[in-house]
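Novice:
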Amino acid sequence: MPETTEGLLARLAAAGIAAETRRHPPVFTVAESRGLRGDLPGGHTKNLFLKPAKGNGPYLLATLEEDRQVSVNALARMAGAGKVAMASAEDLQATLGVPPGAVTPFGLVNAAPGSVRFAIDRHLVEGFGRIWVHPLTNAASTGLAPRDLLRFLAEAGHAAALLDFPPAA
Numbered sequence: 000m001p002e003t004t005e006g007l008l009a010r011l012a013a014a015g016i017a018a019e020t021r022r023h024p025p026v027f028t029v030a031e032s033r034g035l036r037g038d039l040p041g042g043h044t045k046n047l048f049l050k051p052a053k054g055n056g057p058y059l060l061a062t063l064e065e066d067r068q069v070s071v072n073a074l075a076r077m078a079g080a081g082k083v084a085m086a087s088a089e090d091l092q093a094t095l096g097v098p099p100g101a102v103t104p105f106g107l108v109n110a111a112p113g114s115v116r117f118a119i120d121r122h123l124v125e126g127f128g129r130i131w132v133h134p135l136t137n138a139a140s141t142g143l144a145p146r147d148l149l150r151f152l153a154e155a156g157h158a159a160a161l162l163d164f165p166p167a168a
């Protein structure tokens with residue numbers, strides 16, 4: 000059974016991680032998120048869940064700053080993942096325990112260690128004191144320190160690769 004939002008938030012509290020969760024209508028795009036969040040300070044994210052184009056290698060979950068523009072192929076090369084394709088809704092539900100629109104690094108709590116390669120935009124980690132991600136639902140956003148997120152996921156068996164993107168043109 001996948002972790003619930005309430006269970007996830009309880010796990011964060013038990014780990015001593017300061018997190019703030021704001022409930023909102025479900026959002027499916029960065030544009031919808033911008034329209035609802037008001038003035039929430041910090042880095043805002045978007046996520047991609049990708050599968051190997053061939054073979055049975057690990058999936059790739061990438062968390063990027065919401066305005067980051069990068070091709071899927073370039074992203075995969077940077078993360079050392081080889082050729083990838085968008086994962087299906089079924090893959091997403093089976094691996095991260097979330098439906099489309101709710102992709103989040105917190106979904107890794109539902110994934111077996113080694114089944115998903117996790118990569119995150121270094122600017123999110125080093126450029127913000129707080130970042131916002133979905134807490135297993137796209138009807139809420141949880142803000143926390145990026146280093147706390149990385150520590151929490153590492154303790155669940157999912158270390159992050161920090162990706163360095165070139166500056167926007």
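0 is the number of the first residue of the sequence shown in numbering that gives the first Met the number 0; add one for each residue after it. We put the CB at the ideal spot given by N, CA and C, even for glycine.
1) What are the start and end residues of the alpha helix (DSSP H) that includes Pro180?
2) Please determine, among Pro24, Met0, His122, Leu59, the residue with the shortest C-alpha to C-alpha distance to His133.
3) Short check: CB of Leu60 to CB of Phe151, under 8 angstroms?
4) Taking DSSP's pairing of strands, which residues face His191 in a bridge?
5) Give a yes or no on whether the C-beta atoms belonging to Glu2 and Leu135 are separated by under 8 angstroms.
6) Apply the 10 Å Cβ neighbour rule to Arg116 and answer buried if 16 or more other Cβ atoms are within range, or exposed otherwise.
7) Near Val83, what residues of its chain come up, given a Cβ to Cβ distance below 7 angstroms and the 5 sequence neighbours on each side ignored?
8) DSSP has Asp120 in a bridge; who is on the other side?
9) Let me confirm a value: Pro104 is counted as buried when at least 16 other C-beta atoms fall within 10 Å, else exposed. Which label applies?
10) Would you report the Cα separation of Leu143 and Ala18, rounded to the nearest angstrom?
11) Among the candidates Ile130, Ala139, Leu162, Ala160, whose CA atom is the shortest distance from the CA of Arg22?
12) Rounded to whole angstroms, what's the CA-CA distance from Pro57 to Gly41? Just pull it up for me.
Specialist: This is what the structure holds:
1) It is not possible to answer for residue 180, since the shown part of the chain is limited to 0 through 168.
2) Residue nearest to His133 within the set Pro24, Met0, His122, Leu59 is Pro24 (criterion: CA-CA distance).
3) No, they are not a contact pair.
4) Nothing about residue 191 can be read from this structure; the chain reaches only from 0 to 168.
5) Yes, these two residues count as a Cβ contact at 8 angstroms.
6) Flag for Arg116 reads buried.
7) Only residues of its own chain outside the window of five on either side were considered, and among them Leu49, Lys50, Pro51, Ala52, Leu59, Val71, Ala75 have a CB closer than 7 angstroms to the CB of Val83, listed in chain order.
8) Residue pairing for Asp120: DSSP places it in a beta bridge opposite Leu162.
9) So Pro104 counts as buried.
10) Straight-line Cα distance between these residues: approximately 5 angstroms.
11) Selected option, being the one with the closest Cα: Ala139.
12) So the alpha carbons of these two residues sit roughly 30 angstroms apart.
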